[in-house]
Amino acid sequence: MQYYKPSHLYIIFYYFIFFTFYCFYSSSAFNWKCAGCKTGVEVIRYLYEMNYTKTEILNTAEYVCRHFADQKSFVCRGITSQFKDEFLYVLEKLVFQPSQLCGLILSGCGNPINPFDTNWNISLPPSPPTFKNFKSSTNQTNKTTPIRILQLSDIHFDPAYLEGSEADCEEPVCCIKMPKKGELVKKKAGYWGTAAKCDIPLRTVENLLEHINRTHKLDFVLLSGDYLHHRDWEYTREGHLSAIANLTDLLQLYLPQIPIFWALGNHEAVPVNAFGPHFVPDQFRPTWMYRALLAEAHKTDKGLLSVEADEDFVYRGSYAVDYGNLRLISLNNGYCDNTNMFIYINQTDPDGSLTWLVNQLWNAEKSGKAVYILSHIPPGDEECLESWSRNYYRIVVRFEQTIKGQFFGHTHYDSFSLFFTDMNNRGTAPLSVLFTAPSVSTFEELNPAYRIYSVNPTDWEILDFDTYFLNLSNTKTSKESPKWEFLYSAKDEYNLKDLSATEWNELIKRIERDPEITRKFNKNYVRRDDVFCGKKCLEKRICSIRASHHNQKELYVFENTNVKLIELSQITSKSARMKDSDLNTCQAESFKIVKPYFIHFGVNRLSLTSSFESLTFLFSNFLSKDQLIG
């Protein structure tokens, strides 16, 4: 018996109409885009089960991208073209299971941080031995003055940046297109950069490095990932290799005598976020990028990378190097990124990266070395999967005596987060602090910044840090060399006795109750004093610094409800206001009721299984507007 195979758009239309009416009458505030995302992905699954061609499946993916992920057509074409092989491979391999899975397109449409309720644990060594004093024993660190460490994060330079182009555009990334004839420019892109949905020109990176070379004495440099622009849909291997080579040339030119250590960011992958572990075919592994970045690292490491470090780098994108009595660990945590579709095949410690981290820490502990961890995505960030975050948290608690610093980026904000003795009880003792450095990129609505840490040369404890920034509002039209300014010192700005986790925990309490400290924290967070952050915005920021993982909702409670929020009445710019979203959506539980009764169409009754949710999350992740450009 032959059955009619309806058009994929026809299926979308009827499925969406049915689901819309159901959710509308069963939800107090129906979110049609959430329903649309779920509908589109269900259709993709249906097409796959009915043996439609790959082209038809990808056409449906592009349709959902355009109409429910709010992306421009050219973005959707680029993304579906880039991800087609990866998406279809994972679609074939994925073991489907129930979950709420459209969470990254819209708030309240799923659980993006732990979609499959996974609960794996890595093994940790027994309790630590008696605390050892860390002593520098080589000429590299045989000094009495503080060691000075530069951290540059999220550079995101854009070779397509155009002075005078539109900076207030409707596309995901601006400052790259001149207006059409007769069109007025709402906001012109400046020569050195623009605080908008824009990355920065390469000349600004060069000016920054020239300024650092002229102004600061440094011992080494940490690069915490994301060197490429945010136009993800245009990524190519050739473009990435060229960009990394250009950046290396500038680093060698302006910081020729200083060791520089690299970490991978999610934007180093092509396609973006696609770090394939070794259980996927060779064609999906980013070995080409690991090898390329390793080659650049050897140009800037001053001979410190060992053969073992090379092998680790090529295998998993992570490596460790000894600098005197310090072990610096560069950890590729692209394996925690919830937009890395390959890890939905198997989330359990991909490529053994966390097990490798434990071994590096244990060896350092036994030999009395201090450790710095350099990585990209903070474990408490909403883009990092909970099981990975929770295991990383366990590692930090176990090795809190050995880990002297954690240096991350990714968010583009100037922030930090704490680790407590009990990860689910912030009333226990704070043990460690993770520093999230501000971005060099202006994306989005930010001023460029960099940070320099002062470190005790004996025990590697961080004594203080200074943050510097470029106020682009003063350099909009001038082509003269811009002025990089001192923004703040952590100890002076926040009146900290030291930079211990205990002091940062006390600071959080003061941020909640002291309007002046709140104002300073918000200003430094974005490197601007004209951005309003209301109650919900502040709640979110405080939650992010309190919790370095995110499976306990009770951690996201604003403790001091009497905090006096600062109202900046003079702000009129819509783009300068932080938006708070509070959408209630049709829950996935109600969707389960719909499945058995829909899509008959004269074909065999569709076997709509719980695999819908897995596919929904997988698909919506890499089409999400926030994730495409995050």
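Residue numbering for the sequence shown follows the working numbering, starting at -6 and increasing by one per position.
Note that the Cβ used here is the ideal one computed from N, Cα and C, for glycine as well.
| Check | Outcome |
| --- | --- |
| Candidates Trp349, Tyr386, Glu393, Arg387: closest to Ala363 by CA position | Glu393 |
| Where Tyr220 sits in the DSSP three-state scheme | coil |
| Complete runs of the beta strand (DSSP E) confined to the stretch 177 to 230 [at least 3 residues] | 213 to 216 |
| Three-state class that DSSP yields for Ile624 in the structure shown | With the chain running from -6 to 623 in the structure shown, residue 624 is simply not present. |
| Those residues which DSSP pairs with Ser432 across a bridge | Ser146 |
| Where Asn333 falls: helix, strand or coil (DSSP) | coil |
| Lys528 - containing alpha helix (DSSP H), residue span | 528 to 539 |
| Test item: CB-CB of Tyr386 and Leu319 under 8 angstroms | no |
| Inter-residue spacing [alpha-carbon to alpha-carbon] between His291 and Pro252 | 10 angstroms |
| Neighbourhood of Leu411 by C-beta distance below 7 angstroms, restricted to the same chain and skipping five residues each side | Pro423, Val426, Ala494, Trp497, Asn498, Ile538, Arg539, Ser541 |
| Under 8 angstroms between C-beta atoms of Leu354 and Ile388 | yes |
| Chain-order list of residues whose beta-carbon lies under 8 angstroms from that of Leu155 (same chain, five-residue window excluded) | Cys168, Ile169, Lys170, Met171, Ala182 |
| Proximity of Ala188 and Thr435 at Cβ, strictly below 8 angstroms | yes |
| Secondary structure, alpha helix (DSSP H): runs of 4+ residues fully inside the stretch 256 to 340 | 280 to 293, 300 to 309 |
| Delimiting residues of the beta strand (DSSP E) encompassing Glu478 | 477 to 482 |
| Buried or exposed (CB count within 10 angstroms, at least 16 for buried), Lys190 | buried |
| Residues that Tyr446 bridges to, as DSSP identifies them | Ile142, Phe458 |
| Sequence-distant residues of its chain with Cβ nearer than 6 angstroms to Leu143 (five each side left out) | Leu211, Val214, Ile445 |
| Proximity below 8 angstroms, CB of Phe514 to CB of Ala483 | no |
| Contact set for Ile504: own chain, Cβ-Cβ below 7 angstroms, skip 5 residues either direction | Ile510, Thr511, Phe514, Ile535 |
| Residues near Pro139 by beta carbon distance below 8 angstroms, same chain, minus five either side | Ser447, Val448, Asn449, Pro450, Leu456 |
| Start-to-end residues for the alpha helix (DSSP H) that takes in Gln688 | Only positions -6 to 623 of the chain appear in this structure, which leaves residue 688 out of reach. |
| The stretch 338 to 354 in contact with the stretch 224 to 241 per 3-pair CB rule at 8 angstroms | no |
| C-alpha distance - Leu97 paired with His223, whole-angstrom precision | Here the model assigns Leu97 a pLDDT of 42, short of 50, so the residue's position is not dependable, and the following value carries that caveat. Approximately 18 angstroms, taken between the alpha carbons. |
| Beta-carbon proximity check, Ser217 vs Gly402, cutoff 8 angstroms | yes |
| Cβ shell of Leu195 (< 7 angstroms), same chain only, five flanking positions each side left out | Phe150, Pro152, Asn239 |
| Proximity of Leu378 and Asn331 at Cβ, strictly below 8 angstroms | yes |
| Which of helix, strand or coil DSSP assigns to Asn464 | coil |
| Close Cβ partners of Glu358 (< 6 angstroms) along its chain, the five nearest in sequence each way excluded | Thr395 |
| Contact under 8 angstroms by Cβ, Tyr184 with Lys476 | no |
| Nearest residue (CA-CA) to Phe306, options Met282, Asp315, Glu199 | Met282 |
| Per DSSP, cross-strand counterpart(s) of Glu159 | Lys181 |
| Within 8 angstroms, strictly: CB atoms of Leu287 and Leu257 | no |
| Residues bridged to Gly398 [DSSP beta-bridge criterion] | Tyr365 |
| Spatial distance of Leu626 from Glu159 (CA atoms) | The question about residue 626 has no answer here: the residues shown for the chain are numbered -6 through 623. |
| Asn488 (DSSP reduced to helix, strand or coil) | coil |
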